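S.K.:
2 protein chains.
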Amino acid sequence: MFLDRIPESIDILEAHTRIQPHIHKTPILTSHNLNEIAGCSLFFKCENFQKAGAFKSRGACNSIFSLDEREIQYGVATHSSGNHAQALARAALLKNTKAYIVMPKNAPAVKVAGVKNYRGEITFCEPNLMSRESTLKEVLEETGAIEVHPYNNYSVIAGQATAALEIIREMGSPDYILAPVGGGGLLSGTALSAYYYGKNIKVIGCEPKGADDAFRSMRAGKILPSVQPKTIADGLLTSLGTRTFPIIKEYVSEILTVSEENIILAMRLIWERMKIVVEPSAAVPMATVLENPKKFKGKRVAIILSGGNIDLEHMPFSTKP
Amino acid sequence: MFLDRIPESIDILEAHTRIQPHIHKTPILTSHNLNEIAGCSLFFKCENFQKAGAFKSRGACNSIFSLDEREIQYGVATHSSGNHAQALARAALLKNTKAYIVMPKNAPAVKVAGVKNYRGEITFCEPNLMSRESTLKEVLEETGAIEVHPYNNYSVIAGQATAALEIIREMGSPDYILAPVGGGGLLSGTALSAYYYGKNIKVIGCEPKGADDAFRSMRAGKILPSVQPKTIADGLLTSLGTRTFPIIKEYVSEILTVSEENIILAMRLIWERMKIVVEPSAAVPMATVLENPKKFKGKRVAIILSGGNIDLEHMPFSTKP
């Protein structure tokens with residue numbers, strides 16, 4: 041059974057024990073060069089090196105592994121623009137059950153290939169929430185599979201929370217932890233771990249200006265949907281959920297938004313200086329540091345590099361092919 | 041004073057002690073996914089994470105740090121297409137002396153920027169060996185600097201040898217160590233370390249078909265120059281040297297050449313599956329494994345990922361900008 045309450049401290053510790061054999065304890069990398077550029081001490085939690093290329097493996101494993109044999113006998117299903125899809129397909133394969141994935145037809149090819157690699161069965165839909173939800177409904181009715189929502193699921197949130205748990209265990213409490221925010225699964229889990237295991241950590245959600253529903257929702261005090269979001273950060277197009285928003289409202293210090301230019305600049309700096317591949321969504325927290333130098337000056341800032349799945353044919357810095 | 045003989049076992053150990061405070065002990069990474077594709081166990085020595093982005097920091101530090109104050113009082117100088125240049129500029133900065141760098145005017149912008157970042161003084165020349173050598177001669181005469189050749193220098197070779205020393209210390213003796221070959225500094229050093237510290241390790245030099253002077257030289261038993269080499273692997277355009285060739289002839293098992301297509305494919309696989317940035321030259325050994333599946337089947341194969349300095353504007357897989 042999925043967790044039926046906001047994850048408590050013990051739930052996140054149990055999630056970590058449950059998924060540990062099936063995920064990487066990803067490294068925390070530092071860069072003297074980027075510290076100089078940013079004017080603070082940066083600690084990069086490399087979930088781009090995570091299984092299936094993103095933190096989503098944590099939540100997918102925890103949710104599926106929380107179910108019993110009977111519950112998963114007809115498979116699992118979800119709609120996802122990519123990383124949750126791959127992670128869920130992988131987790132289902134580990135449990136010898138099927139994964140039915142509804143993906144928008146414009147999902148990056150590398151993410152589609154990833155799902156197929158883990159033998160997920162893909163149904164393509166239009167790239168909007170209504171089509172995603174109606175298509176998923178059909179799939180669920182046809183197959184009898186159980187839905188694993190990408191973020192609006194407490195077991196998923198508890199799984200995503202284990203990244204911040206590992207940060208705090210390895211380096212103690214930083215001044216800040218920065219995570220990108222799309223549907224809010226990673227951000228809400230991070231905020232819970234910072235609250236349960238850290239000391240005076242401020243958690244900041246980082247969002248593209250072109251998809252600023254979390255920023256607007258925080259200001260309004262209620263969930264405002266994402267309206268025609270437009271950003272290179274393809275993992276952050278979704279709106280907050282009814283289970284992530286209340287956690288974010290209570291435990292997250294603030295949401296900061298950044299420009300597309302700074303997302304691309306941040307991504308480029310990470311690739312060039314650290315020699316690691318991150319996807320645009322993962323560069324949003326670094327962009328936030330670049331846009332707010334005074335705020336972070338001299339601080340210890342942990343950044344969750346959320347994923348590394350990017351189509352190499354569609355590089356934003358490829359002006360001359 | 042530079043080392044005046046083929047490095048002996050003790051010379052490489054001393055080099056390692058000498059440079060250790062100033063270089064990274066780079067990690068050896070593995071990838072389940074790439075092992076499946078290659079059909080063997082791959083161990084990637086990540087010199088792309090090395091200081092200044094390439095293994096060249098090892099040789100540059102060892103050579104400059106072997107000189108006394110008087111010898112480096114007027115600075116150091118070299119010609120280099122890039123990585124040795126950056127590494128030398130950095131090492132000179134550590135010793136508070138000047139670095140004069142002769143670079144071909146078509147050197148990748150990221151490598152030029154790297155040299156400037158370490159305050160190296162650049163003189164541009166035509167992109168051919170004659171222009172590089174004559175320009176360097178002028179610079180040496182004008183400045184009184186001491187030349188640090190990119191590879192035809194025993195102290196440089198001893199420095200490069202420390203990468204393989206670290207491999208053997210960390211993982212024992214693999215069946216193979218694969219290194220790219222340009223001028224032969226890394227390859228000759230690797231072969232010496234495999235001979236001194238390893239047990240039955242075969243060292244293979246990996247070279248683009250479009251710059252196959254090492255392959256031809258080995259077959260001819262004498263140094264044949266690189267004639268109008270053409271390859272995406274911009275670090276491997278140079279010819280073998282009088283100090284590297286005799287070592288390679290004696291201690292390297294063979295030279296294998298690979299196609300440009302496979303270099304690009306190998307580079308793409310490393311970026312996509314391992315989420316790390318390597319330059320084309322660094323992908324040549326992986327391309328060699330892909331081109332010779334039978335040879336390496338089931339073996340333990342260590343690969344030196346030589347560097348990670350690449351212009352992100354000029355990606356070979358960027359068909360759609």
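Chain order of the listed sequences is E and V. Converting from the first sequence to our numbering requires adding 40 to each position, the first position being numbered 1. Converting from the second sequence to our numbering requires adding 40 to each position, the first position being numbered 1. Just so it is clear, CB atoms sit at the ideal spot from N, CA and C, and this is done for glycine as well. It should be emphasised that the depicted structure is a prediction, and the values quoted were computed from it without experimental measurement.
Spell out whether any CB of chain E is found under 9 Å from the CB atom of Ile316/V.
M.R.: Sequence index remark: in the second sequence, residue 316/V carries index 276 (1-based). Output row for Ile316/V: interface = yes.
S.K.: Helix, strand or coil, according to DSSP, for Thr271/E in the structure here?
M.R.: The residue labelled residue 271/E in the question sits at position 231 within the first sequence. Coil, per DSSP.
S.K.: Say whether the stretch 106 to 125 of chain E touches the stretch 135 to 149 of chain E, bearing in mind that this needs 3 or more beta-carbon pairs closer than 8 Å, one atom from each stretch.
M.R.: yes
S.K.: Using a Cβ-Cβ cutoff of less than 7 Å, which residues in the same chain neighbour Gln60/E once the five nearest sequence positions on both sides are dropped?
M.R.: What you label residue 60/E is simply residue 20 of the first sequence in a count that begins at 1. For Gln60/E, where only same-chain residues beyond five positions count, there are no Cβ hits under 7 Å.
S.K.: Which residues of the stretch 341 to 355 of chain V have a Cβ closer than 7 Å to any Cβ of chain E? Give them in chain order.
M.R.: Gly348, Leu352, Glu353, His354 and Met355
S.K.: DSSP three-state label for Pro144/V, please.
M.R.: The residue labelled residue 144/V in the question sits at position 104 within the second sequence. Strand at Pro144/V.
S.K.: Quick one: what does DSSP say Gly160/E is sitting in, helix, strand or coil?
M.R.: What you label residue 160/E is simply residue 120 of the first sequence in a count that begins at 1. The answer is coil: DSSP assigns Gly160/E none of H, G, I, E or B.
S.K.: Please classify Glu247/V as buried or exposed, where buried requires at least 16 other C-beta atoms within 10 Å of its C-beta.
M.R.: Within the second sequence, the letter at position 207 stands for residue 247/V. Its Cβ being crowded by 16 or more others within 10 Å, Glu247/V is buried.
S.K.: Counting only beta-carbon separations shorter than 9 Å, does Val150/V have a partner in chain E?
M.R.: The residue you call residue 150/V lines up with position 110 of the second sequence. True, the Cβ-Cβ gap to chain E drops below 9 Å.
S.K.: Run through DSSP, which three-state label would Val298/E get?
M.R.: Against the first sequence, residue 298/E aligns to sequence position 258. Val298/E: strand per DSSP, three-state reduction.
S.K.: Is any beta-carbon of chain E found at less than 9 Å from that of His88/V?
M.R.: Counting from one through the second sequence, the residue named residue 88/V turns up at place 48. Contrary to the premise, residue 88/V reads as Asn rather than His in this sequence. Chain E, which has a Cβ nearer than 9 Å to the Cβ of Asn88/V, makes this yes.
S.K.: Can you tell me which of the three DSSP states Phe105/V falls into?
M.R.: Taking the first residue of the second sequence as 1, we reach residue 105/V at position 65. DSSP places Phe105/V in helix when its eight states are reduced to three.
S.K.: In its own chain, which residues sit with a C-beta less than 8 Å from the C-beta of Ile364/E, not counting the 5 before and 5 after it?
M.R.: Outside the displayed range of chain E (41 to 361) lies residue 364/E, so it cannot be described from this structure.
S.K.: If you measure from the beta carbon of Arg308/E to each beta carbon in chain V, is any gap under 9 Å?
M.R.: Here residue 308/E refers to the residue found at position 268 when the first sequence is read from its first residue. Judged by the 9 Å Cβ criterion, Arg308/E is in contact with chain V.
S.K.: From which residue to which residue does the beta strand (DSSP E) around Ser81/V run?
M.R.: Translated into the one-based positions of the second sequence, residue 81/V becomes position 41. Unbroken beta strand (DSSP E) run through Ser81/V: Ser81 to Cys86.
S.K.: In this structure, how does DSSP classify Tyr194/V when only helix, strand and coil are distinguished?
M.R.: The count along the second sequence starts at 1 and reaches residue 194/V at position 154. Correct three-state label for Tyr194/V: helix.
S.K.: Going by CA-CA distance only, name the one from Ser81/V, Thr57/V and Thr70/V that's closest to Asp215/V.
M.R.: Position 175 of the second sequence, counted from the first residue, corresponds to residue 215/V. If we check each option's Cα against that of Asp215/V, Ser81/V comes out closest.
S.K.: Kindly list, in the order they appear in chain E, the residues whose Cβ is closer than 7 Å to that of Glu109/V.
M.R.: Within the second sequence, residue 109/V is the residue found at index 69, counting from 1. Here the premise fails: no neighbours, minimum Cβ distance about 27 Å.
S.K.: For Glu301/E, decide whether its Cβ has a neighbour in chain V, counting only Cβ atoms nearer than 9 Å.
M.R.: Within the first sequence, the letter at position 261 stands for residue 301/E. Chain V contact via Cβ: absent.
S.K.: Against chain V, does Gly93/E count as a neighbour if the rule is that its beta carbon must be under 9 Å from one of theirs?
M.R.: Along the first sequence, one-based indexing puts residue 93/E at 53. Chain V contact via Cβ: present.
S.K.: Determine the direct distance from the alpha carbon of Ser346/E to that of Gly199/E, and round the result to whole angstroms.
M.R.: Within the first sequence, residue 199/E is the residue found at index 159, counting from 1. Within the first sequence, residue 346/E is the residue found at index 306, counting from 1. Cα to Cα, Gly199/E sits roughly 14 Å from Ser346/E.
S.K.: Kindly indicate which three-state DSSP category Arg110/E falls into: helix, strand or coil?
M.R.: The sequence position of residue 110/E within the first sequence is 70, counting from 1. Arg110/E: coil per DSSP, three-state reduction.
S.K.: In terms of residues, what are the limits of the beta strand (DSSP E) holding His119/V?
M.R.: Residue numbering aside, residue 119/V sits at position 79 when the second sequence is read from its first letter. Element bounds for His119/V: Val116 to His119.
S.K.: The alpha helix (DSSP H) that contains Ile50/E, what's its start and end?
M.R.: The sequence position of residue 50/E within the first sequence is 10, counting from 1. Its alpha helix (DSSP H) spans residues Ser49 to Ile59.
S.K.: Taking 9 Å as the CB-CB cut-off, is Glu210/E touching chain V?
M.R.: Working through the first sequence from its first residue, we reach residue 210/E at position 170. The beta-carbon of Glu210/E is placed no less than 9 Å from the nearest beta-carbon of chain V.
S.K.: Where does Thr359/V sit, in a helix, a strand or coil, going by DSSP?
M.R.: Your numbering for residue 359/V matches position 319 in the second sequence. Low per-residue confidence applies at Thr359/V: pLDDT is 45, beneath 50, and the placement is therefore not dependable, though the value from the model is reported in the following sentence. Three-state result, Thr359/V: coil.
S.K.: Pairing CB atoms from the stretch 166 to 173 of chain V with CB atoms from the stretch 122 to 141 of chain V, are three or more of them under 8 Å?
M.R.: no
S.K.: Listing by chain order, which chain E residues have their CB less than 8 Å from the CB of Glu76/V?
M.R.: Residue 76/V sits at position 36 when you count from the first residue of the second sequence. Within 8 Å Cβ-Cβ: nothing; Glu76/V doesn't reach chain E, min ~10 Å.
S.K.: Between the stretch 61 to 79 of chain E and the stretch 291 to 305 of chain E, do at least 3 Cβ pairs fall closer than 8 Å?
M.R.: In short, these stretches do not touch, since the Cβ pair count stays below three.
S.K.: Where Ser266/E and Arg159/E are concerned, what is the direct C-alpha to C-alpha distance, given to the nearest angstrom?
M.R.: Taking the first residue of the first sequence as position 1, residue 266/E is located at position 226. Taking the first residue of the first sequence as position 1, residue 159/E is located at position 119. Here the alpha carbon of Ser266/E sits roughly 31 Å from the alpha carbon of Arg159/E.
S.K.: Under a three-way DSSP split, which group does Ala94/E fall into?
M.R.: Translated into the one-based positions of the first sequence, residue 94/E becomes position 54. The answer is strand: DSSP assigns Ala94/E an E or B state.
S.K.: Going by DSSP in three states, Pro286/V sits in which element: helix, strand or coil?
M.R.: As a first step, residue 286/V must be located in the second sequence, where it is residue number 246. In this structure, Pro286/V counts as helix in the three-state DSSP scheme.
S.K.: Can you tell which of Pro356/V, Thr230/V and Asn88/V has its C-alpha closest to the C-alpha of Lys65/V?
M.R.: Within the second sequence, the letter at position 25 stands for residue 65/V. For Lys65/V, the nearest C-alpha among the options comes from Asn88/V.
S.K.: Quick one: measure Cβ to Cβ for Lys91/E and His124/E, integer angstroms, because I've assumed they're closer than 8 Å.
M.R.: Position 51 of the first sequence, counting from 1, holds the residue named residue 91/E. Position 84 of the first sequence, counting from 1, holds the residue named residue 124/E. The distance from the Cβ of Lys91/E to that of His124/E is about 13 Å, inconsistent with a contact at the 8 Å cut-off.
S.K.: Which residue or residues does DSSP assign as beta-bridge partners of Glu187/E?
M.R.: Numbered from 1 along the first sequence, position 147 holds the residue referred to as residue 187/E. Beta-bridge pairing links Glu187/E to Ala117/E.
S.K.: In chain order, what residues of the same chain lie with their CB nearer than 6 Å to the CB of Ser195/E, ignoring the 5 residues before and after it?
M.R.: Numbered from 1 along the first sequence, position 155 holds the residue referred to as residue 195/E. Beyond the five residues adjoining it in sequence on each side, Ser195/E comes within less than 6 Å, by CB distance, of Phe42, Leu43, Asn102, Ser103 and Ser106 in the same chain, given in chain order.
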